[in-house]
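Numbering (the UniProt record's numbering), first residue to last: 1 to 365.
Each remark here refers to the structure printed beneath this line.
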């Protein structure tokens, strides 16, 4: 793309990663940023991600072709008001929020619909903050673009090409459709995971035997319950209507399952597992979604002193960082004694090759 000037309001994990990706795509792009913590801006200046640190939301933004709003959703309206006097007539104002209705409505009330095009890069991490941002976070992740009725088509196309320059997968949706979709494939799963964990906690034995043997499938389907409670409280507040509707549908489906089990309807129970299995297996694995994928492998090891340390040393010697490592004591649904988790897919792939070469039996999924 042509050399452009970008302004960032907020420079955390997502904002920092997009800024780094833009610099990787074109070193001549000029990037300025404002963040609440000066240390964040200093770090971004040192590593060359931004060219200019802003003291606040001011007339410097008039030089921007794009302004990215990358703050928590609860601050969006406040920053929209601050940005408005410093927004060039032909500039694109976009955001990275995971819920779109509130900001679209605020933009409409402020008369900014000709400038605004919503955005939601469906990527993230369990960690937050600029120091964890990377220039490849949104690679192969869907980047949802939500135009307003007054967004110029050529500007929408320009933002689409910008997402492509980040190696993301742009997807243009109506903002209302976006919020309904993420309610089903992101927000509901987080509610289910958290409520399931709390159910097991409440129903556990006095000796906490459920907690002791929990592993395998239970830990897999509840992994996302470890997400930030503050962030998910905000998401539920901003997408309340869609979540309420789809949660009601889910509760109704659970009632059907309970009726089938209680009534001994074996065919209905079989159909539940059969249809879900078929649909689950048809979901493509080629791109990131709103729920962060786990990169892990399972490995057979001999129960002897230093066995885990040996594997950790092999991986460390090849600069492969481990996120988590541990023995699986409940292997009812798992293969392999040792589970190793990684921060990135490339690391897990390299680890599989390396440990296989070292004659370990490795299971990778």
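Cβ atoms here follow ideal geometry from the backbone N, Cα and C, with glycine treated the same way.
Being a predicted model, the structure only gives us computed values, none of them experimental.
Between residue 359 and residue 320, the beta carbon gap of about 17 angstroms keeps them out of contact (Cβ cut-off 8 angstroms).
Residues of the same chain with a CB within less than 8 angstroms of the CB of residue 236, apart from the 5 flanking positions on each side, are 187, 191, 243 in chain order. Secondary structure of residue 124 (DSSP, three-state): coil. Contact check between the segment 32-48 and the segment 11-20: three or more CB pairs, one atom from each, fall below 8 angstroms, which counts as touching. For the pair residue 118 and residue 66, the CB atoms are not nearer than the 8 angstroms cut-off. Beta-bridge partners assigned by DSSP to residue 52: 32. Within the model, the alpha-carbon separation for residue 56 versus residue 82 is close to 10 angstroms.
Contact fails between the segment 269-285 and the segment 297-317, because fewer than three Cβ pairs, one in each stretch, are under 8 angstroms apart. The Cβ atoms of residue 138 and residue 99 lie no closer than 8 angstroms to each other. Within the DSSP secondary-structure output, residue 339 pairs in a beta bridge with 298, 326. For residue 95, the enclosing beta strand (DSSP E) begins and ends at 92-95.
Each residue's CA atom was taken as its position, placing residue 151 and residue 362 some 51 angstroms apart. For residue 116, same chain residues with a beta-carbon under 6 angstroms away, outside a window of 5 residues either side, are 93, 107, 148 in chain order. In the three-state DSSP reduction, residue 283 falls in the coil class, being neither helix nor strand.
Around the beta-carbon of residue 101, 16 or more other beta-carbon atoms lie within 10 Å, marking it buried. Between residue 141 and residue 122, the C-beta gap is smaller than 8 angstroms, which places the two residues in contact.
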